[in-house]
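To start, the structure itself, in structure tokens.
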Amino acid sequence: MNLRRTLMKAGQMVSLCAATVVLLELSVFLGPASAQEDVASAIRRYKEREFSTGYYEEYEAKPLHLRPMVGVSAVKTRPFPYTSTGAQIRVRTRLADSHRAIKFYENLKCEFCHMRETKDIHTVIANLTCRQCHGGEPIASIDHFYSPLNPIRKQAYVCAKCHEGATASFADYVVHEPEAGSSTTRTSFPSLYYSYWFMLCLLGVTLAFFVPHTMMVIVRELFKKKGKGREEASDAH
Amino acid sequence: MRIKRFGKLERVFHLFLMLSFLIQAATGFSRLFFPTSWGKQLARFFGGYETSLLIHQTVGLLMMAGFVVHTLWLCSRINWKNLRMSFFGPDSLIPNFQDARHLLQRMLWFFGLGSPPKLDRWAYWEKFDYWAVYWGLPLLAITGVMLMYPLTTTRVLPGWTLNIAALLHRAEALLAVSYIFLVHFFIGHFRPFSFPMNEAMFSGSVPLEEAMEEKPAWVERLKKEGKLELASPKPPSRRYRIVYFLFGYTALACGVYLLINGIAYSRYIRLH
């Protein structure tokens, strides 16, 4: 009986060690396996090319499910969102010069108007300047047909400068993240909004319960007579 | 006389989690707080912004491996002949109605109403400590792997999921860090009952009087089953105690250092 238990224990230990080794190996040797996939099939390769360049056989469009859930909530979409005069243009995302008709444009800095856009990881930590992605003057609107930042070619023209192998799907990452907790984000990027509030509530509830709980334990134990519990325990037995 | 509380492997798991968690917290903070001077200092300690990421990723993979190994070990501990006892018995870590009752009783006791609950081997807050890792680590692991291999991830998922992954990773990490450094440390070491240190996780056993005071139902049960006198573990040697006191307080100091600086510099960073 005892021998059997010892054997079982030993068996458990051996299987644990084996599992650890397998996991470590998996984490080390996964790299080459994914590289070999490159020569797997010509069709797959062609599809990848389509995917990463954004050029499709018959039409130039992105698959619908890849659209990020971000839109400009304040802008009403109409068949012709432009008026006849440039000065009254409200939707600036489809112009060859997105800053067209802005007064004293030469004297302005990007962050005067685009404050929020200068506060994300790409600018604060990677230290990128606006022009490194948006290009020189005139800065084309991101939805303009020839803009390097047009979603049909953004991944190849802009993202891939640093992120080698960037695909159209990869480029759907929202570089200029909206303020996650704000009410406008609820319509423009709902999943970000809800995950932010969910995590904040989780943090709030956990700490709001456990911090006072711990404090009460400390206070209560401070006022308890030392050894009182022990006496009671020994009385009971 | 002492009662055995943690096995050797359990203590090794805790030690592993302790070390890896501290490294993850420090390297993670060095990146989160990189725009501030403190974050830059911290990153310099780990060899820079990129190197601290490398450390973070490697230790993260090790943690995932540890998580899987621990889960396998947990499954190997299930007594298949007596599943009910194994899952809902007093030695099980699975929360049950008893815990809810204990919680209520203890809340009342905080305000001087009634007597403290007769806790068994695992108190409800200890069970929470244990299962918190089971929700936190998988969430951190999944979002971490997504951010680690963004190109592979975006082959399957659209790119904006990386925004969500980054947000979830940071928020969950902050939750874990603030819970461990505020609640876990204080309930483990700073409340009058266990000050200066709760040694059970390092020595593996607790003195009988201490257990009687804190976990009366456990001692009673052991007495009834006649297991109390069977194996009384030796008290930890003086040298070992010095080692784990030093180690524990070093870990504690690191945690408090991260927490205080994190709070002080939190207004200069953004969560997302």
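Protein sequences, first through last, are from chains W and P.
Residue numbers for the first sequence, in this note's numbering: 1 to 237.
Residue numbers for the second sequence, in this note's numbering: 1001 to 1272.
No residue lacks a Cβ here, since even glycine has one placed at the ideal position from N, Cα and C.
Check: For the stretch 1169 to 1185 of chain P, enumerate the residues whose C-beta is nearer than 8 angstroms to any C-beta of chain C, in chain order.; Outcome: Included in the structure are the protein chains W and P, with no chain C among them.
Check: Ignoring anything shorter than 3 residues or poking outside the stretch 1128 to 1153 of chain P, list the beta strand (DSSP E) runs there in chain order.; Outcome: none
Check: Taking buried to mean at least 16 other C-beta atoms within 10 Å of its own C-beta, is W/S15 buried or exposed?; Outcome: exposed
Check: Can you tell me the Cα-Cα spacing of P/V1206 and P/E1213, whole angstroms?; Outcome: 11 angstroms
Check: Report yes or no: do three or more beta-carbon pairs, one from the stretch 168 to 182 of chain W and one from the stretch 194 to 212 of chain W, lie closer than 8 angstroms?; Outcome: yes
Check: Assuming W/A208 contacts W/H144 (C-beta within less than 8 angstroms), just tell me the rounded distance between them.; Outcome: At roughly 49 angstroms, the Cβ-Cβ gap does not stay under 8 angstroms, so W/A208 and W/H144 are not in contact.
Check: DSSP has P/K1004 in a bridge; who is on the other side?; Outcome: P/S1205
Check: Determine, using beta carbons only, whether P/R1270 comes closer than 8 angstroms to chain W.; Outcome: yes
Check: To the nearest angstrom, report how far apart P/F1052 and W/C162 are at their CA atoms.; Outcome: Here residue 1052 of chain P turns out to be Ser, not Phe, going by the sequence shown. Approximately 20 angstroms, taken between the alpha carbons.
Check: List the residues of chain W whose Cβ lies closer than 8 angstroms to the Cβ of P/T1154, in chain order.; Outcome: T167, S169, F170, D172, Y173
Check: Are P/D1120 and P/K1215 closer than 8 angstroms when you measure CB to CB?; Outcome: yes
Check: Looking at the unbroken alpha helix (DSSP H) that takes in W/E117, where does it start and where does it end?; Outcome: Unbroken run through W/E117: none, as it is neither H nor E.
Check: Reducing DSSP to helix, strand and coil, say where P/P1158 ends up.; Outcome: coil
Check: Could you check whether the Cβ of W/Y173 sits closer than 7 angstroms to any heavy atom belonging to the ligand FAD?; Outcome: Within the structure as shown, the ligand FAD is missing, as the structure has no ligands at all.
Check: Excluding the 5 residues preceding and the 5 following W/M69 in the sequence, name in chain order all residues of the same chain whose CB lies nearer than 6 angstroms to its CB.; Outcome: Per-residue confidence for W/M69 stands at a pLDDT of 42, beneath the threshold of 50, marking its modelled position as unreliable; no derived number is given.
Check: Determine the burial state of P/L1222: buried for a count of at least 16 other Cβ atoms within 10 Å of its Cβ, exposed for fewer.; Outcome: buried
Check: Since P/A1284 meets chain W, which of its residues come closer than 8 angstroms, beta carbon to beta carbon?; Outcome: Residue 1284 of chain P cannot be examined here, being either before or after the span of chain P that is shown, 1001 to 1272.
Check: Below 7 angstroms CB to CB, which residues in the same chain sit around W/Y196 once its five sequence neighbours on both sides are set aside?; Outcome: A180, G181
Check: Beta carbon of P/W1122, beta carbon of P/L1093: below 8 angstroms?; Outcome: yes
Check: By Cβ distance, which residues of its chain are closer than 8 angstroms to P/N1079, with the 5 residues on each side in sequence left out?; Outcome: M1085, S1086
Check: For the alpha helix (DSSP H) that W/T185 lies in, which residues bound it at each end?; Outcome: 183 to 188
Check: By the 10 Å Cβ neighbour count, where 16 or more other Cβ atoms means buried, how is P/K1234 classified, buried or exposed?; Outcome: exposed
Check: Given this structure, state the Cα-to-Cα distance separating W/F170 from P/W1109, to the nearest angstrom.; Outcome: 55 angstroms
Check: Flag P/L1038 as yes if its beta-carbon sits less than 8 angstroms from any beta-carbon of chain W, otherwise no.; Outcome: It should be noted that the sequence gives Trp, not Leu, for residue 1038 of chain P. No - not a single Cβ of chain W is within 8 angstroms of the one on P/W1038.
Check: Which residue from P/F1190, P/F1185, P/I1164, P/E1220 puts its Cα closest to that of W/S191?; Outcome: P/I1164
Check: Buried or exposed for W/C17, going by 16 or more other Cβ atoms inside 10 Å?; Outcome: exposed
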